[in-house]
Amino acid sequence: GQIEQVGSPSELYSKPGTRFAASFMGSTNLLEAEIVPHGDATAAHLAGGQILQLADGPASCGPGTVMFRQEDIQMCPSSATSQLTGVVVTRIFLGARVRYVIDLDGQAIRCLAPTDKLFEVGETVGISVPVERMRVLRD
(Lines of atoms letter the chains of each structure in order from A and count residues from 1; the text may use other names and numbers.)
(Lines give C-alpha, C1' and ligand atoms only; values in the text may rest on other atoms or scores of the structure.)
Protein backbone atom coordinates (compact mmCIF):
# COMPACT_ATOMS: atom_id res chain seq x y z
CA GLY A 1 0.00 0.00 0.00
CA GLN A 2 0.87 3.65 -0.09
CA ILE A 3 0.06 6.69 2.00
CA GLU A 4 -2.50 8.85 0.16
CA GLN A 5 -2.46 11.89 2.47
CA VAL A 6 -1.15 12.90 5.88
CA GLY A 7 -3.10 15.20 8.18
CA SER A 8 -5.54 15.45 11.06
CA PRO A 9 -8.91 13.68 10.69
CA SER A 10 -10.61 17.08 10.34
CA GLU A 11 -8.20 18.15 7.59
CA LEU A 12 -8.55 14.86 5.72
CA TYR A 13 -12.33 15.17 5.86
CA SER A 14 -12.59 18.81 4.79
CA LYS A 15 -9.61 19.02 2.41
CA PRO A 16 -8.91 15.63 0.86
CA GLY A 17 -6.22 15.58 -1.81
CA THR A 18 -7.44 12.59 -3.80
CA ARG A 19 -10.67 10.78 -4.69
CA PHE A 20 -9.59 7.88 -2.47
CA ALA A 21 -8.98 10.14 0.54
CA ALA A 22 -12.32 11.89 -0.05
CA SER A 23 -14.30 8.65 -0.15
CA PHE A 24 -12.32 7.01 2.67
CA MET A 25 -13.27 9.73 5.15
CA GLY A 26 -17.07 9.64 4.99
CA SER A 27 -19.74 10.00 2.37
CA THR A 28 -18.83 12.36 -0.44
CA ASN A 29 -20.14 13.58 -3.78
CA LEU A 30 -17.76 13.38 -6.73
CA LEU A 31 -18.76 15.03 -10.01
CA GLU A 32 -16.70 14.66 -13.17
CA ALA A 33 -16.21 18.04 -14.83
CA GLU A 34 -14.17 20.17 -17.17
CA ILE A 35 -12.61 23.06 -15.23
CA VAL A 36 -12.59 26.28 -17.29
CA PRO A 37 -11.86 29.99 -16.75
CA HIS A 38 -14.95 31.98 -15.81
CA GLY A 39 -14.26 35.70 -15.49
CA ASP A 40 -11.85 36.20 -12.59
CA ALA A 41 -12.64 32.74 -11.22
CA THR A 42 -13.12 29.23 -12.54
CA ALA A 43 -16.16 27.08 -13.22
CA ALA A 44 -16.87 23.39 -13.58
CA HIS A 45 -18.76 22.35 -16.70
CA LEU A 46 -20.56 19.18 -15.62
CA ALA A 47 -21.32 16.24 -17.91
CA GLY A 48 -24.99 17.20 -18.32
CA GLY A 49 -24.20 20.78 -19.34
CA GLN A 50 -24.80 22.52 -16.02
CA ILE A 51 -22.15 24.97 -14.79
CA LEU A 52 -20.94 25.16 -11.21
CA GLN A 53 -19.13 28.33 -10.12
CA LEU A 54 -15.93 27.53 -8.22
CA ALA A 55 -13.78 29.60 -5.87
CA ASP A 56 -12.32 32.90 -6.97
CA GLY A 57 -8.86 33.01 -8.43
CA PRO A 58 -7.07 31.03 -11.09
CA ALA A 59 -6.94 27.27 -11.00
CA SER A 60 -5.49 24.85 -13.45
CA CYS A 61 -7.99 24.06 -16.17
CA GLY A 62 -8.81 20.73 -17.72
CA PRO A 63 -10.53 17.56 -16.51
CA GLY A 64 -11.16 17.27 -12.79
CA THR A 65 -13.50 15.99 -10.13
CA VAL A 66 -15.54 18.41 -8.05
CA MET A 67 -15.93 17.12 -4.50
CA PHE A 68 -18.30 18.23 -1.75
CA ARG A 69 -19.86 16.57 1.27
CA GLN A 70 -23.54 15.64 1.53
CA GLU A 71 -24.09 17.98 4.50
CA ASP A 72 -22.78 20.96 2.49
CA ILE A 73 -25.67 20.93 0.01
CA GLN A 74 -28.49 23.42 0.39
CA MET A 75 -31.74 22.40 -1.33
CA CYS A 76 -34.56 24.68 -2.45
CA PRO A 77 -37.56 24.58 -4.79
CA SER A 78 -36.45 24.56 -8.43
CA SER A 79 -38.04 27.98 -8.98
CA ALA A 80 -35.60 29.58 -6.51
CA THR A 81 -32.10 30.76 -7.35
CA SER A 82 -29.61 27.91 -7.13
CA GLN A 83 -26.38 26.75 -8.72
CA LEU A 84 -27.73 23.47 -10.12
CA THR A 85 -30.98 21.58 -10.59
CA GLY A 86 -31.68 17.89 -10.14
CA VAL A 87 -34.48 15.41 -9.52
CA VAL A 88 -35.10 13.71 -6.17
CA VAL A 89 -34.71 9.94 -6.61
CA THR A 90 -34.83 8.81 -2.97
CA ARG A 91 -35.90 10.38 0.33
CA ILE A 92 -35.05 8.65 3.62
CA PHE A 93 -36.18 10.14 6.94
CA LEU A 94 -33.39 9.85 9.55
CA GLY A 95 -34.97 11.70 12.49
CA ALA A 96 -33.32 15.11 12.70
CA ARG A 97 -32.31 14.98 9.02
CA VAL A 98 -33.44 13.61 5.69
CA ARG A 99 -31.09 11.89 3.26
CA TYR A 100 -31.85 12.55 -0.40
CA VAL A 101 -30.37 10.99 -3.49
CA ILE A 102 -30.62 13.45 -6.35
CA ASP A 103 -30.13 12.72 -10.04
CA LEU A 104 -27.97 15.47 -11.46
CA ASP A 105 -27.99 14.80 -15.22
CA GLY A 106 -27.15 11.13 -14.73
CA GLN A 107 -24.81 11.57 -11.77
CA ALA A 108 -26.24 10.66 -8.36
CA ILE A 109 -25.45 12.96 -5.45
CA ARG A 110 -26.36 12.51 -1.79
CA CYS A 111 -27.65 15.29 0.45
CA LEU A 112 -28.34 15.48 4.20
CA ALA A 113 -30.96 18.15 4.78
CA PRO A 114 -33.03 19.44 7.70
CA THR A 115 -36.62 18.23 8.04
CA ASP A 116 -38.25 21.67 7.93
CA LYS A 117 -38.84 21.52 4.16
CA LEU A 118 -39.44 18.12 2.59
CA PHE A 119 -39.08 17.41 -1.12
CA GLU A 120 -40.95 14.63 -2.88
CA VAL A 121 -39.48 11.80 -4.95
CA GLY A 122 -39.67 12.93 -8.58
CA GLU A 123 -39.57 16.63 -7.67
CA THR A 124 -37.09 18.92 -9.43
CA VAL A 125 -35.03 20.81 -6.85
CA GLY A 126 -32.41 23.52 -6.77
CA ILE A 127 -29.02 22.63 -5.33
CA SER A 128 -26.38 25.02 -4.00
CA VAL A 129 -23.02 24.37 -2.38
CA PRO A 130 -20.92 27.16 -0.81
CA VAL A 131 -17.82 27.60 -2.98
CA GLU A 132 -15.53 27.36 0.05
CA ARG A 133 -16.85 23.83 0.70
CA MET A 134 -15.97 22.49 -2.77
CA ARG A 135 -12.64 20.99 -3.81
CA VAL A 136 -11.32 20.14 -7.25
CA LEU A 137 -9.44 16.85 -7.25
CA ARG A 138 -7.05 15.93 -10.03
CA ASP A 139 -6.41 12.21 -9.63
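Going by our numbering, the residue at position 64 of the sequence shown is 117; the numbering climbs one at a time, nothing skipped.
Ideal placement from N, C-alpha and C gives every residue a C-beta, glycine not left out.
Mind checking which residues open and close the beta strand (DSSP E) that includes L190? According to the DSSP assignment, L190 belongs to the beta strand (DSSP E) that extends over 188–190.
For S135, which option in E64, S181, R186, E185 has the closest C-alpha, if you only look at C-alpha atoms? Between S135 and the set E64, S181, R186, E185, the nearest pair of CA atoms involves S181.
Counting only the same chain and skipping the five closest in sequence on each side, list residues whose C-beta sits under 7 Å from that of K68. So the qualifying residues of the chain are R188.
Per DSSP, the bridge partner or partners of S181: Per DSSP, Q127.
Apart from the five residues just before and just after D158, which ones in its own chain have a Cβ nearer than 8 Å to its Cβ? Taking D158 as the centre and dropping the five residues before and after it, the same chain places the C-beta of L99, A100, G101, G102, Q103, G139 closer than 8 Å to its C-beta, in chain order.
Span separating the alpha-carbon of I56 from that of F77: I56 and F77: Cα-Cα distance of roughly 12 Å.
Residue range of the unbroken beta strand (DSSP E) whose run includes E85: Annotation: the continuous beta strand (DSSP E) that includes E85 extends over 81–91.
Stretch-stretch touch, CB-based, cutoff 8 Å, three pairs: the stretch 155–174 with the stretch 86–95: The stretch 155–174 makes no contact with the stretch 86–95: fewer than 3 CB pairs, one atom from each, lie closer than 8 Å.
Here's the rule: buried if 16 or more other CB atoms are within 10 angstroms of the residue's CB, otherwise exposed. What is R191? That one is exposed.
Could you tell me the boundaries of the alpha helix (DSSP H) in which L99 lies? Boundaries around L99 are those of the beta strand (DSSP E), 94–99, since no alpha helix (DSSP H) includes it.
Any idea if I145 is buried or exposed, counting beta-carbon neighbours within 10 angstroms, 16 or more meaning buried? I145 is exposed by the Cβ-count criterion.
Just to confirm, are A75 and L83 a CB contact at a threshold of 9 Å? Contact flag set, yes.
Return yes when at least one heavy atom of the ligand ADP lies under 8 Å from the C-beta of A149, else no. Looking at this structure, you won't find the ligand ADP or any other ligand, since it has none at all.
When DSSP labels each residue in this structure, what does P69 get in the three-state scheme? In this structure, P69 counts as coil in the three-state DSSP scheme.
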